[in-house]
Amino acid sequence: MRYTRQELIDRVSAQMPARRWQHTLGVMHSAIELAERYGADPARAELAAIIHDVAKYWPVQRQSAVIAENGMNADLLNYDAPMWHSEVGAYVAEHEYGIEDREVIDAIRYHTSGREGMTLLDKVVCLADYIEPGRDFPGVELIREKARLSLEEGLVAGFDSTLRVLVERGQTIFPTTVLARNDLIRQLAQRESARQNKPVSEKKGG
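To convert, note that position 154 of the sequence shown is 154 in the UniProt record's numbering; the numbers rise steadily by one, no gaps.
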């Protein structure tokens, strides 16, 4: 990494309005909290959170150029522009800030869309983005409640909220988000099945 934590904070915060930086601070706080609760690395979670919205306020022409000119996921350009900053942010993290940790880069890349087979760090950062203390939208309290039960339940509630809004607005849905949601539901079903099939002595703790 080319910069200290404080240098990264200074560089990232300079690229967004103050109110958006407050959101980022909230995501940093929530990412650390979730990481500590669910066994991820808090330092890596915070690092991804610091950078996750670095390109959010770049002009869309600049974002699309980064995607198109660097062999990135060009399919994103067929969907709404608010999706693009995640991919661009991952590029910035690696190529401008010198982040070499692939899981941190991917957590930035998928913090908006999710993906099938999300890593623990992916889940932490994505869910932190939904539930940080400054968030105030219909359904956020349900997402926070589910997040106290499991990362997967929190994320399913978050994706449900996003998909509901997109459907109501008649907007296109990025397929990766649907795949991510389906995969999380399968994980929850498998976990419940395993719990139900535990021997009686195990269920009682001995």
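By construction, the Cβ of each residue, glycine as well, lies at the ideal position given by its N, Cα and C atoms. Nothing here was measured: the structure is a model prediction, and the numbers come from that model.
Residue from Q63, R102, Y57 and Y38 with nearest C-alpha to E153: By alpha-carbon distance to E153, the top candidate from Q63, R102, Y57 and Y38 is Y38.
- prompt: Which term fits F159, buried or exposed, when burial requires 16 or more other beta carbons within 10 angstroms of its beta carbon?
  reply: Flag for F159 reads buried.
- prompt: To the nearest angstrom, how far is it from the Cα of M16 to the Cα of V54?
  reply: Looking at the two C-alpha atoms, the distance is approximately 7 Å.
Which of helix, strand or coil DSSP assigns to V54: V54 falls in the coil class under three-state DSSP.
query: For residue 210, does the count of other Cβ atoms within 10 angstroms reach 16, so buried, or fall short, so exposed?
result: What is shown of the chain runs 1 to 206, which leaves residue 210 out entirely.
field: Continuous alpha helix (DSSP H) stretch holding A14: start and end
entry: A14 -> no alpha helix (DSSP H), and no H or E assigned at all.
query: Which whole-angstrom value is the C-beta distance of D183 and E116, which I expect to be below 8 Å?
result: Confirmed, about 5 Å.
message: Using C-beta distances below 6 Å, list every residue in its chain close to P42, excluding the 5 sequence neighbours before and after it, in chain order.
response: Cβ neighbours of P42 beyond the five flanking positions: I32, A35 and E36.
task: Report yes if the CB atom of M118 is closer than 7 Å to the CB atom of F174, and no otherwise.
output: In this structure, the beta-carbon distance from M118 to F174 does not fall below 7 Å.
- request: Pick out whichever of A81, V156 and R148 has its Cα sitting closest to the Cα of L188.
  value: Ranked by Cα distance from L188, the options A81, V156 and R148 are led by V156.
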